[in-house]
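Enquirer: Here you go, one structure.
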Amino acid sequence: MNGRRLARREFLALGAAAALLPRSLRAEAGVRVATLDWALLETLLAIGANVVAATELLQFREVAVKPEIPAGVADLGLRGTPNFEALRLAAPDLIVNSNFYQWANERMSRIAPVETHSVYVSGQSPYALSESAALALGQRLKLDNAARFVDGARAELERLRQRLGGGDGRAVMPINLGDARHFRAFGADSIFGDVLARLGLENAWKDATSYSANAPVGIEALAAAPDAWIVLIPPHPLDALRRLEQSAFWNALPAVAGGRVLTLGSVNPYGAVPAALRFANLLVEGMLNARNG
């Protein structure tokens with residue numbers, strides 16, 4: 001208990017000390033930026049911004065995996081209920097927010113200026129919006145690396161598209177398991193669906209989605225795309241895969257019986273360019289390995 005109290009006192013002291021530093025001195029390391037949004041967090045990290053605070057960092061490390069979060073970034077707690085006192089103590093010069101968390105703008109604006117850059121807008125390409133956000137943030141923060149990052153990402157997706165060569169002509173069904181009977185389907189307006197199109201692959205999920213995904217969808221819906229690849233994108237509940245593998249229906253699916261199921265590493269389903277690149281690399285590597293195996 002004493003150790004926990006000491007750690008909290010140290011955290012408060014460090015935050016207070018940072019807040020007392022002259023703004024010009026703090027700016028030597030670059031504009032101090034905070035965000036509630038994960039897509040913006042990974043974008044800021046990828047372009048080399050000086051991120052000082054963000055939300056749910058432990059879960060971000062498990063779900064998004066990359067980019068890595070520097071050790072000194074303050075964790076603001078849950079995205080839906082952020083710790084505004086921790087945000088104040090982190091002393092940001094700028095808070096970057098998205099349309100998902102606009103409700104917090106008024107309160108956050110009392111701490112630092114707030115700018116909105118949204119990656120997920122109904123009917124628009126999340127990849128294009130994430131490129132725009134990266135470039136706008138790079139210009140705002142005077143980070144030349146932003147344009148190089150965007151150009152490099154485009155080149156990497158084109159390299160992967162050519163390497164894959166259209167795959168085997170089958171569509172791809174990217175899903176995330178909710179449990180052994182339900183999944184979340186990602187449509188054309190998701191970062192995964194956007195990447196599939198850029199890789200020259202067809203998304204097998206044709207039904208409507210709302211802000212990228214449709215959930216919960218019964219596992220029986222997979223039977224409607226018998227020729228597709230099923231791509232499982234973690235994280236999944238711990239026992240979902242084990243129970244699914246014991247399901248007679250699952251094992252009777254043509255994709256499962258035909259060995260057309262890929263399980264990728266975890267990817268942020270509401271990510272930006274970094275998540276798109278991670279998904280593209282994992283998917284292409286998995287499909288090529290399956291083809292050559």
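Per our numbering, the very first residue in the sequence shown carries number 1; after that it's consecutive.
Just so it is clear, CB atoms sit at the ideal spot from N, CA and C, and this is done for glycine as well.
(1) Taking its Cβ as the centre, do 16 or more other Cβ atoms sit within 10 Å of A128, making it buried, or is it exposed?
(2) Quick check on L25: buried or exposed, where buried means 16 or more other Cβ atoms within 10 Å of its Cβ?
(3) Count the C-beta pairs between the region 202-212 and the region 163-179 that are closer than 8 Å, then say yes if the count reaches three, no if not.
(4) If we ignore side chains and look at the alpha-carbon of each, how far apart do P274 and E42 end up?
(5) Determine, using beta-carbon pairs with one atom in the region 182-190 and one in the region 85-103, whether at least three such pairs fall under 8 Å.
(6) Specify the secondary structure class of N203 as computed by DSSP and reduced to three states.
(7) Of the residues V52, L57, A147, L283, which one's Cα is nearest the Cα of R198?
(8) How would you write the range of the beta strand (DSSP E) that L241 sits in, first residue to last?
(9) Cα separation between V114 and A228?
(10) Would you check if there are 3 or more beta carbon pairs closer than 8 Å linking the region 45-53 to the region 105-125?
(11) Is there contact between the region 57-75 and the region 145-163, where contact requires at least three CB pairs shorter than 8 Å?
(12) For N292, tell me which candidate among A185, I233, L164, A272 has the shortest Cα-Cα distance.
(13) Tell me, please, which residues DSSP counts as bridged to E115.
(14) Kindly confirm or deny that the region 31-41 and the region 226-243 touch, where touching means at least three C-beta pairs closer than 8 Å.
(15) Does the Cβ of L277 have 16 or more other Cβ atoms within 10 Å, making it buried, or fewer, making it exposed?
(16) Tell me which same chain residues have a C-beta within less than 7 Å of the C-beta of E131, skipping the five on either side of it?
(17) Excluding the 5 residues flanking D207 on each side, which residues of the same chain have their C-beta closer than 6 Å to its C-beta?
(18) Could you give the distance in angstroms between the alpha-carbon of A91 and the alpha-carbon of R161?
(19) Helix, strand or coil for D75, going by three-state DSSP, please let me know.
(20) Could you check the C-alpha separation between A257 and I219 for me, to the nearest Å?
(21) Can you tell which of P82, A180, S98 has the C-alpha that lies nearest to the C-alpha of Q246?
(22) With C-beta atoms as the reference, is D194 less than 8 Å away from Y101?
(23) Whole angstroms are fine: how far does the CA of F249 sit from the CA of T35?
(24) Quick check on the burial criterion: 16 or more other C-beta atoms within 10 angstroms. Buried or exposed for P226?
Expert: Concretely, from the data shown:
(1) Residue numbering aside, residue 128 sits at position 128 when the sequence shown is read from its first letter. Residue burial is scored here from C-beta neighbours: A128 has fewer than 16 other C-beta atoms within 10 angstroms and is therefore classed as exposed.
(2) To locate residue 25, count along the sequence shown from 1; it is residue 25. Its pLDDT being 34, under 50, L25 is placed unreliably by the model, and the measurement read from it follows with that caveat. Looking at its Cβ environment, which holds fewer than 16 other Cβ atoms inside 10 Å, L25 is exposed.
(3) yes
(4) In the sequence shown, the residue the question calls residue 274 occupies position 274. In the sequence shown, the residue the question calls residue 42 occupies position 42. Rounded to the nearest angstrom, the two C-alpha atoms are 7 Å apart.
(5) no
(6) Taking the first residue of the sequence shown as 1, we reach residue 203 at position 203. Three-state result, N203: strand.
(7) Residue numbering aside, residue 198 sits at position 198 when the sequence shown is read from its first letter. Ranking V52, L57, A147, L283 by Cα distance to R198 puts L283 first.
(8) In the sequence shown, counting from the first residue as 1, residue 241 sits at position 241. Per DSSP, L241 belongs to no beta strand (DSSP E); it is in the alpha helix (DSSP H), 240-245.
(9) Looking up residue 114 in the sequence shown gives position 114. Looking up residue 228 in the sequence shown gives position 228. In a straight line, the C-alpha of V114 is about 44 Å away from that of A228.
(10) no
(11) no
(12) As a working mapping, residue 292 is identified with position 292 in the sequence shown. Comparing Cα positions, the closest option is L164.
(13) Here residue 115 is taken as the residue at index 115 of the sequence shown, counted from 1. Note: E115 sits in a beta bridge opposite V96.
(14) no
(15) Translated into positions along the sequence shown, residue 277 becomes position 277. So L277 counts as buried.
(16) Taking the first residue of the sequence shown as 1, we reach residue 131 at position 131. Counting only Cβ-Cβ distances below 7 Å, and skipping sequence neighbours, we find V150, V273.
(17) Sequence index remark: in the sequence shown, residue 207 carries index 207 (1-based). Contacts found: none.
(18) The residue given as residue 91 occupies position 91 in the sequence shown. The residue given as residue 161 occupies position 161 in the sequence shown. If I take the Cα positions, the gap works out to 43 Å.
(19) Taking the first residue of the sequence shown as 1, we reach residue 75 at position 75. In the three-state DSSP reduction, D75 falls in the strand class (E or B).
(20) For the purposes of this step, residue 257 is taken as residue 257 along the sequence shown, with counting starting at 1. For the purposes of this step, residue 219 is taken as residue 219 along the sequence shown, with counting starting at 1. Their backbone Cα atoms lie some 15 Å apart in a straight line.
(21) Here residue 246 refers to the residue found at position 246 of the sequence shown. When each option's Cα is compared against that of Q246, the closest is A180.
(22) As a first step, residue 194 must be located in the sequence shown, where it is residue number 194. As a first step, residue 101 must be located in the sequence shown, where it is residue number 101. No. Outside cutoff.
(23) Numbered from 1 along the sequence shown, position 35 holds the residue referred to as residue 35. Numbered from 1 along the sequence shown, position 249 holds the residue referred to as residue 249. So the alpha carbons of these two residues sit roughly 43 Å apart.
(24) In the sequence shown, the residue the question calls residue 226 occupies position 226. Its Cβ having fewer than 16 others within 10 Å, P226 is exposed.
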